[in-house]
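Each remark here refers to the structure printed beneath this line.
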Amino acid sequence: MFVCSEIIILLLACNFCVCVYTQDSSCCHYAADLSQCREACDQLATIRSESRLKHLLQRFPSYCPESMNELWNCINSTLPGASRKSDGWVGLGCCELAISVECRRECKQASSKNDIIKLCKKDTEKPLYSCITKNEMGSVCCSYAGRHTNCREYCQAIFRTDSSPTISQINTVKEYCQSVSPQLISCVANYTKSYPTKSPIDSLYCCDRAAETHCQTACKRILRTMTTEHEIMEGLIAECGSQPLPQDPLWQCFLGSAHPPAKSDPETSPTAKMDCAKLHCCSKANTSLCRNMCQEISTNWGTQTWQEFDQLCEYSPVETDLITCLADVREPCQLGCKDLTYCTNFNNRPTELFRSCNIQSDQGAMNDIKLWSNGTIKMPLMNIPVRDIRKCRPEMWKAVACVLQIKPCYSKSRGSVICKSDCVDILTHCGDFTRFPEGQTPERICDLLSPTDDLERCIPLQRYLTASPFQNIIEEVIHPCNPNPCPSNHLCEVNRKGCHQGQDCLPYFCVPGCKLGEASEFLVHVEARIQVPLRSGQAGCYEVCTCGQSGRLENCSEMPCVDTTKSCVVGGQRKSHGASFRVDCHSCFCYAGETICTFRQCPSFENSDEDRSLFTGLPCGCADHFVPVCARNGRTYPSACVARCMGFLGNQFEFGSCKSTEPCSSNPCPRNQRCIPKRRVCLTDMTDYLCLQYECVSRPSGCDQNQLDPACDMDNMEHANLCLLYQRSKTLAYMGHCQDACRVPREVCGHNGETYRTVCEAFSDRVAVDYQGRCHAVGTVSEVTADSGCNAVPCPPLSAEGCNPVTPPGACCPVCAGMLQILWNKQQMNVFAKLNRNQPLTVHDILSTLRLHISVPQCDVFGYLSIDSEIVILIIPVDLQPTSLQIEACSKEAEKIDSLINSGSPTLVSHVPLSAFLVSELKLSTVSSAASPDTPSLSFTLCLFLATLLSFTGAPWNA
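My numbering puts the first residue of the sequence shown at 7, with every later residue one more than the last.
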């Protein structure tokens with residue numbers, strides 16, 4: 007029945023009432039014998055969000071087996087859409103190829119191929135069924151690659167859901183994987199012999215280049231339903247109303263992609279064979295041999311060099327940075343692991359990072375055990391003879407196989423190497439010494455394969471010899487993009503915007519992207535700006551490209567080369583380019599001979615108590631008075647002293663906060679345009695680039711009604727997007743769904759020192775709230791706490807009892823969050839701005855890009871430029887009552903980002919402007935085990951604070 011829940015007092019206090027479709031809890035007595043199923047069933051009966059209910063229904067078969075017929079019959083009768091699951095369903099990424107809307111919807115909610123047969127007929131949905139068959143075949147074929155990552159990567163490139171295999175891809179698999187697995191070669195050959203050289207759906211990406219929405223939709227329908235080139239062209243001319251002119255972006259793309267090289271042709275163009283993401287890693291090689299091999303591999307993939315690279319570099323102890331970087335590109339670390347049927351001890355680990363938790367790796371581990379049961383473990387460097395592993399420590403061997411396939415990012419090094427003591431132990435007991443090469447011992451073998459017991463650099467097997475302790479915790483932390491439900495030319499993005507009323511609301515979006523190499527699965531968003539090394543491989547030389555609508559990098563511009571040979575001399579010691587280090591309390595980085603450090607005030611208390619009493623913790627020892635000034639970069643500083651300390655001259659700031667100024671008062675726009683305030687904090691040199699706090703907009707003639715990016719106006723009326731709000735001549739209050747709690751202004755102070763009318767306005771600016779009321783105090787930015795005006799600030803209670811919080815720099819009140827303090831390079835920001843038509847880069851640009859890397863909807867990103875010029879990032883739980891597991895998940899997300907920054911991983915720092923990051927410092931919140939985080943005490947202020955936060959951070963899955 008359709009009900010409005012009134013059982014959550016906190017929600018009522020915050021003026022929220024969520025109406026959902028709920029299920030009769032009487033079904034759950036059928037699950038009495040299976041606690042995990044019973045708990046999931048009980049949640050079905052109590053969930054207050056329709057969207058989260060749909061998400062749990064998709065996952066529900068993982069908790070309740072198909073054999074529980076009475077339970078399933080009961081649930082299906084009360085909850086239409088609930089369906090049983092077949093293990094190994096790999097067709098979800100094909101759903102976008104469905105022709106009918108009904109079929110597409112059914113496909114996205116399906117748990118197996120059988121579920122979609124009712125509404126998706128094979129004779130009318132050929133592209134969909136072809137894609138599903140292709141995915142299923144690829145899952146089987148590529149599992150034969152075992153732990154040979156490169157072979158599996160090339161195999162998976164053959165089975166993309168959105169393109170036909172090229173001759174170079176087919177030849178590479180034949181050449182590289184022959185020695186790895188003849189079964190894989192045979193499996194791939196059976197597929198490629200019958201697959202057409204070119205399919206119309208290979209050109210689907212061209213449809214997005216059409217100017218009109220109706221033409222884009224018609225184009226996709228035509229390519230899915232018609233087969234001959236003549237039919238397709240006639241259909242496009244009729245639907246789009248234009249002739250095939252070369253200058254038209256749609257026809258330019260379509261005609262250019264209509265004539266690919268035939269299978270008998272030589273290799274595709276050299277540019278297509280580059281892998282820009284892997285090329286980033288080559289500079290991390292410590293030996294010229296591995297650097298040159300990496301360069302050859304990344305600019306001419308498919309060569310036999312990969313086999314030499316495996317043998318000479320993959321296990322070299324001096325090439326850890328290079329190998330970890332390549333692993334980040336191939337298989338980035340992601341939170342969560344579930345749905346494995348063989349490596350079951352790896353399931354239900356929502357706050358652990360894994361590189362390859364999927365059914366292919368699960369099958370690969372099983373295949374490894376079968377091969378090892380023959381008495382030999384084949385490694386790139388050696389063959390290890392073993393006794394019968396089916397009798398000698400079988401569970402430990404299974405854990406080894408699963409670790410090597412699933413690849414936990416357990417250690418800070420993010421490597422997938424088991425600890426040496428485990429390696430020695432298992433080979434001592436199960437190695438076949440009669441067949442060991444002369445002079446070999448378990449210790450010597452493990453010195454090469456698993457050289458350390460440092461838990462920051464290796465994986466202890468004991469962790470995975472038993473099931474997860476969280477196996478009965480249901481849906482506290484979800485991972486909607488793991489495994490990836492999108493087609494292979496689309497990125498999965500967490501849905502934090504909700505959906506149009508009446509439409510299905512999934513917890514993710516599939517957005518178009520660009521692959522950075524023919525065999526690479528590394529994608530970036532359309533219109534993203536990416537920094538890539540030059541093909542020449544010259545160290546320190548890069549270009550900035552844009553991911554175009556065609557799905558390829560375009561509009562590339564070379565940057566000035568950085569002299570990586572220049573070193574820095576600090577305290578009589580020489581630091582090489584790229585080295586991070588500390589000087590007193592400062593975090594520092596050597597960049598092309600320049601030492602870049604933070605502006606912190608370092609405490610020095612040895613002299614007297616008077617020195618201690620005078621220490622304020624603010625830059626240049628400024629007093630902790632709060633007399634705000636607005637600087638030319640759009641940042642409010644607590645005093646003129648602090649602004650001057652940060653390099654601003656007297657004529658480059660004015661008294662008063664930046665939000666108190668009115669940028670449109672001088673009417674700076676042309677008559678036919680409207681001036682709209684656009685507050686931003688710029689990160690480029692203000693002597694060269696203007697940081698305008700407004701934009702001039704014309705009333706739009708047309709807006710896309712289907713684009714969803716909710717905006718709330720000053721009359722508390724919601725619009726689907728900003729374009730529609732401007733078209734109706736309304737004034738923006740904040741981005742996001744309108745909230746009753748923010749209908750009446752109630753001022754709050756943000757971490758950036760700005761006063762906002764409402765908490766909604768602060769969150770719309772991606773700024774978390776420090777305390778209630780106007781800003782009137784400034785906190786320390788030093789690691790040493792000093793007395794300040796914050797002593798008089800009443801802080802809200804923490805969101806979880808027992809939380810060990812962090813206090814953001816310059817703020818007064820602590821929060822439960824993961825926090826990063828990032829040192830960055832203004833010189834690079836200036837270069838990026840120059841290449842971007844002299845548009846300055848902003849803090850909002852940073853936050854928008856970083857937000858895409860947070861995969862857990864229960865966490866979101868906030869941040870600001872601190873008063874000592876560090877970029878502060880906060881990853882905060884967004885549930886009303888965050889559990890210890892959710893707080894841990896946000897800390898893990900912060901730890902992941904911190905690690906990627908400090909290692910210079912292209913997963914993160916190939917993105918402009920994140921590539922200007924130099925080094926990060928991490929502080930994490932934890933929850934003490936004695937606490938009871940599930941029942942925190944919340945004041946009305948904090949309830950309002952968190953409830954509003956939900957509207958900006960995925961309320962449909964968290965409410």
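The beta carbon of each residue, even a glycine, is placed where N, CA and C say it ideally should be.
Remark: C-beta atoms of Pro414 and Phe360 approach each other more closely than 7 angstroms. Shortest Cα-Cα distance from Pro486 to any of Leu512, Pro493, Gly504, Ala473 involves Leu512.
DSSP, reduced to helix, strand and coil, places Asp866 within a strand of the structure shown.
Rounded to the nearest angstrom, the Cβ distance from Glu325 to Cys296 is 5 angstroms, consistent with a contact under 8 angstroms. Its chain contains Ile682, Lys684 as the residues whose beta carbon lies nearer than 6 angstroms to that of Glu701, once the 5 sequence neighbours on both sides are disregarded; these appear in chain order. Contact annotation: Ile395 and Val409 have beta-carbon atoms that are not nearer than 7 angstroms. For Asp719, the three-state secondary structure derived from DSSP is strand. Shown here, Ser931 sits in coil according to DSSP, grouped into three states, outside any helix or strand. With a minimum length of 3 residues, the unbroken runs of beta strand (DSSP E) contained wholly in the segment 824-873 fall at 824-830, 865-871. Secondary-structure assignment with DSSP links Lys503 through no beta bridge to anything.
If you draw a 10 Å sphere on the C-beta of Pro133, you find 16 or more other C-beta atoms in it, and that means buried. For Pro609 against Gly557, the beta-carbon gap comes to about 53 angstroms, at or over 8 angstroms, which does not count as contact.
Within a 10 Å sphere around the beta-carbon of Phe439 sit fewer than 16 other beta-carbons, which makes this residue exposed. Per DSSP, Cys157 is one residue of the alpha helix (DSSP H) stretching across 155-164.
In summary, Arg843 is exposed, with fewer than 16 beta-carbon neighbours lying within 10 Å of its beta-carbon over all protein chains present. Between the segment 895-911 and the segment 653-663 there are fewer than three C-beta pairs closer than 8 angstroms, too few to call the two in contact. Taking the CA atoms as reference points, Pro188 sits about 9 angstroms from Lys180. In this structure, DSSP gives Gln369 a helical state, which the three-state scheme calls helix. Beta-bridge partners assigned by DSSP to Lys384: Asn389. In the DSSP annotation of this structure, the continuous segment of the beta strand (DSSP E) that includes Asp776 starts and ends at 775-778. Straight through space, the alpha carbons of Pro625 and Cys651 are spaced by roughly 7 angstroms. Secondary structure note for Ser136: its alpha helix (DSSP H) is the uninterrupted segment 132-149. In this structure, the alpha-carbon of Cys492 lies about 7 angstroms from that of Cys100. Less than 7 angstroms divides the Cβ of Val933 from the Cβ of Ser890.
In this structure, the straight-line span from the alpha carbon of Val430 to that of Glu449 is close to 6 angstroms. A direct Cα-Cα distance of roughly 15 angstroms separates Leu696 from Cys664. Here Asp719 is near Ala739, since their CB atoms are less than 7 angstroms apart.
In the structure shown, the three-state DSSP call for Lys581 is strand. Within the same chain, and ignoring the five residues on either side of Glu767 in sequence, the residues whose Cβ sits closer than 8 angstroms to its Cβ are Ala739, Tyr740, Cys748. In the three-state scheme derived from DSSP, where H, G and I count as helix and E and B as strand, Asn810 is classed as strand.
Each of His757, Glu753, Ser666 was checked against the Cα of Arg763, and the nearest Cα belongs to Glu753.
Under the DSSP definition of a beta bridge, Ala637 partners with Phe659. Counting only the Cα atoms, Asn298 lies some 27 angstroms from Lys418. Beta-bridge partners assigned by DSSP to Pro518: His496. Nearest neighbour of Gly578 by Cα position, chosen from Val568, Val589, Thr570, Asp569, turns out to be Val589. Per DSSP, the unbroken alpha helix (DSSP H) holding Gln317 starts and ends at 311-318.
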